[in-house]
Amino acid sequence: MEADADAGLRDVLARVVEANERWERLAGQLRAEDAELRAENGRLRAENERLSAELAVLQRLVFGRSSERVRPSSPVDGDGDGQGGHGGQSDGRQSGKATRRGPGGRAGRRDYSHLPRVEVLWDFTGGGYCCPDCSSPFEAFGDHAFEQVDWRVTVRVVVHRRRRYRRRCRCAGARTVTAPGPPKAVGKGRFGNGFIAMLLVERYVAGRSQNSLIAGLARHGADVSGSTLVGTCTAAGALLAPLQEAIVARNRDSWHLHADETSWHVFTPDTGDGPARWWLWVFIGADTTCFVMDPTRAGVVLARHAGIDPDTGQLTPHDDGGPRGLVVSSDFYTVYASAGRRTDGLTNLYCWAHIRRYFVRAGDANPTQLGYWTRDWLDRIKALYHAHDELTDAWNASTAATPGRAATEAATRLADAYTAWDTALDAIDTARQAQMASPGLQQPAKKALATLDREWDGLTAHRDHPMISLDNNASERALRRPVVTRKNAYGSRTDDAARLAATVWTVTATAEQAGLNPLTYLTAYLDACGHHGGTPLTGPDLERFLPWTASPADLHTWAQPPPTG
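Taking the working numbering as reference, the numbering of the sequence shown is continuous, increasing by one, and the terminal residue is 566.
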């Protein structure tokens with residue numbers, strides 16, 4: 002009996018042990034599944050947070066304000082819109098509030114006295130007026146005059162009649178002579194130089210597509226084919242080539258460049274079967290703006306333009322053999338960062354407006370938890386901008402001060418400005434290090450702080466260059482015109498058309514940088530090419546049209562609107 006009982010207990014114990022092992026295996030499987038599910042849940046939460054942040058950024062891009070300009074609060078109403086009023090119209094009362102104006106509005110009436118004036122006389126049918134009852138004529142009582150601004154676009158045919166004369170004496174020489182005609186930049190073309198200049202300005206400066214130009218000319222009665230416009234632009238581009246080359250050469254010699262790039266589409270490239278994505282680069286110097294159209298976004302474009310030796314990775318020396326330095330203001334694109342790391346003498350100045358956008362996007366990703374955090378960071382960056390403005394003014398005053406008391410005061414002001422700049426930057430650095438070490442910070446905030454930490458050296462290098470702005474907005478503004486053209490025309494059909502666009506943008510942007518009217522400037526240049534036999538200018542003739550060597554009289558003339566008539 003005891004043996005049977007022991008055997009039964011052993012069987013029960015074996016079954017219990019077996020069941021316990023099964024439960025242990027099941028518990029292990031469940032623990033593993035739980036860990037996997039927790040990890041998956043963490044990944045999904047992180048992915049959801051990332052997608053929510055991207056959605057918030059995209060919603061801001063589509064529906065939010067496109068301008069980064071901060072509108073100061075009005076001291077009267079404090080509504081923060083910077084426009085001083087709550088309505089679009091004045092109630093006629095002296096309330097002390099400024100009238101609210103729309104975008105681009107400014108105070109005061111505009112002066113149009115410089116425009117051509119045409120007088121139109123209005124009178125009753127047949128002249129004069131008679132009493133409707135007795136038919137007695139009214140006597141003249143002066144005029145009631147008012148002015149209107151009229152806008153007319155006229156496409157006309159100009160007939161040039163060149164006088165011809167025949168010899169009446171018996172002297173040697175030609176028996177007939179013909180008076181010289183107008184300068185023709187494109188010898189066999191039917192379009193005058195003013196038409197060609199207007200075509201280039203409308204096509205590239207205003208950003209209109211070719212179809213839009215053809216339709217616009219047709220509305221004014223001129224039926225022009227697209228191939229004719231393309232041929233005219235190509236011929237004009239060949240005339241502008243020496244001017245563009247001179248601008249590029251001077252731009253490459255600049256000690257400081259603003260740089261940026263954007264995509265550009267070429268639909269039938271010389272190599273490849275279909276549309277290709279090219280890249281339009283812009284480099285802005287002190288008095289030149291250079292656009293480079295290239296199939297690649299690689300560092301070879303920057304190296305070629307900045308004069309970086311492809312073998313050594315170093316800046317090519319000056320013509321006199323001395324070392325050369327270069328300061329590049331840019332965003333955080335790796336091409337600029339890589340060039341700064343491996344090239345001696347090249348200094349990166351990173352854009353504070355770009356790093357500011359990271360904090361704005363972090364606040365957009367989670368306004369509830371990161372709203373105050375974002376505002377604090379924007380206030381710190383704003384304080385740095387104010388300190389840099391004061392530093393720039395103080396530096397300019399110190400360089401212009403004459404020896405003596407004025408120089409001493411300027412040096413004191415400059416030292417105080419550097420102290421204020423260091424204080425503003427230390428506030429950013431302290432907050433950066435403290436928040437990066439604190440746990441529990443959300444992912445969008447971590448990303449903004451990580452970017453700030455990674456690009457810190459290029460952001461703080463602005464202290465050594467107070468004459469340069471904290472941001473790279475200059476190059477972004479320069480790319481707006483090509484971006485508008487890309488939106489309207491979608492790109493270029495061929496490689497040559499894409500490079501032609503870069504040529505025209507280089508010439509017109511440099512002219513505008515010098516305060517010139519591109520229409521007047523291009524017309525004068527094409528007239529000079531016409532006087533030169535319809536060939537590109539060289540030597541002193543070309544130097545006359547370089548904004549940095551042109552005479553003050555020419556610069557004043559080219560800054561005016563083109564003459565009418």
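In this text, a Cβ means the ideal position worked out from N, Cα and C, and glycines have one as well. Fair warning: this is a prediction, and the values are worked out from it, not measured in the lab.
Quick one: what's got a C-beta closer than 6 Å to residue i's C-beta in the same chain, skipping five residues either side?
i             : result
leucine 543   : Pro243
glutamine 95  : Residue confidence is low: glutamine 95 scores 44 on pLDDT, short of 50, so the model does not pin down where it sits. Its coordinate-derived value is still stated next. The answer is none, since no qualifying residue turns up.
valine 206    : Thr509, Pro519
tyrosine 419  : none
arginine 1    : Residue 1 cannot be examined here, being either before or after the span of the chain that is shown, 2 to 566.
alanine 277   : Val267, Pro270
threonine 393 : Pro467
Mind checking which residues open and close the alpha helix (DSSP H) that includes residue i?
i              : result
threonine 507  : 496-514
valine 302     : 300-307
tyrosine 166   : Per DSSP, tyrosine 166 belongs to no alpha helix (DSSP H); it is in the beta strand (DSSP E), 165-167.
serine 213     : 211-220
tryptophan 559 : 553-559
tryptophan 457 : 457-461
serine 339     : 335-343
aspartate 542  : 540-544
Could you say which of the options lies nearest to residue i if we only look at CA atoms?
i                 : options                        : result
arginine 162      : Trp422, Arg169, Arg171, Gly182 : Gly182
glycine 456       : Thr375, Arg23, Ala338, Trp378  : Checking the displayed sequence, the identity of residue 456 turns out to be glutamate instead of glycine. It is Ala338 whose Cα lies nearest to the Cα of glutamate 456.
tyrosine 351      : His466, Gly43, Lys448, Tyr419  : His466
proline 514       : Ala287, Asp35, Ala47, Leu122   : Residue identity differs from the one stated: residue 514 is glutamine in this sequence, not proline. Considering only alpha carbons, the answer is Ala287.
alanine 260       : His145, Asn349, Trp396         : Asn349
serine 264        : Glu410, Arg494, Val484, Asp7   : Val484
leucine 347       : Arg357, Arg362, Ser330         : Ser330
glutamine 149     : Arg111, Arg478, Asn194         : Arg111
valine 505        : Trp152, Ile248, Gly227         : Ile248
phenylalanine 142 : Ile356, Asp124, Ala277, Arg61  : Asp124
glycine 492       : Leu453, Pro270, Tyr373, Pro562 : Pro270
threonine 313     : Arg343, Leu327, Asp295, Asp528 : Arg343
phenylalanine 147 : Ser136, Val160, Val121         : Val121
proline 184       : Thr536, Gly43, Thr393          : Thr536
proline 563       : Gly195, Gly459, Ser228         : Gly195
alanine 529       : Arg118, Trp374, Gly188         : Gly188
valine 301        : Asp274, Gly322, Thr335         : Thr335
alanine 512       : Arg481, Leu527, Asp497, Pro548 : Pro548
In this structure, does DSSP put residue i in helix, strand or coil?
i              : result
threonine 403  : coil
aspartate 295  : strand
alanine 277    : strand
leucine 471    : coil
leucine 14     : helix
leucine 154    : Looking at the sequence shown, residue 154 is not leucine but valine. If DSSP states are grouped into helix, strand and coil, valine 154 belongs with coil.
valine 121     : coil
threonine 424  : helix
cysteine 131   : strand
tryptophan 282 : strand
serine 493     : strand
threonine 290  : strand
proline 519    : helix
proline 483    : helix
leucine 316    : strand
proline 138    : strand
glycine 535    : coil
leucine 116    : coil
valine 159     : coil
alanine 146    : coil
tryptophan 378 : helix
proline 243    : helix
tryptophan 549 : coil
glycine 65     : coil
glutamine 443  : coil
Go through its chain and collect everything with a Cβ distance to residue i's Cβ below 8 Å, but skip five positions before and after it.
i              : result
leucine 1      : Any property of residue 1 remains undetermined from this structure, which presents the chain solely from 2 to 566.
arginine 165   : Thr177, Val178, Thr179, Ala180
serine 399     : Ala408, Ala411, Ala412, Arg414, Leu415
leucine 371    : Ala363, Gly364, Gln443, Pro445, Ala446
aspartate 92   : Reliability of the predicted coordinates at aspartate 92 is poor, the pLDDT of 41 falling under 50, and the value obtained from them is presented with this limitation in mind. Here the set comprises nothing.
asparagine 489 : Gly208, Arg209, Ser210, Ser213
To which residues of the same chain is residue i closer than 7 Å at the C-beta, ignoring the five residues directly before and after it?
i             : result
threonine 297 : Trp280
glycine 516   : Ala560
glutamate 477 : Asp261
glutamine 245 : Thr504, Thr507, Val508
The beta strand (DSSP E) with residue i in it runs from where to where?
i             : result
histidine 266 : 257-267
threonine 348 : 347-351
valine 225    : From DSSP, valine 225 is part of no beta strand (DSSP E); its letter is neither H nor E.
leucine 576   : Absent from the structure is residue 576, since the part of the chain shown begins at 2 and ends at 566.
Discussion item. What ranges does the alpha helix (DSSP H) occupy inside the segment 169-209, keeping only unbroken runs of at least 4 residues that lie completely in it?
Written reply: 194-201
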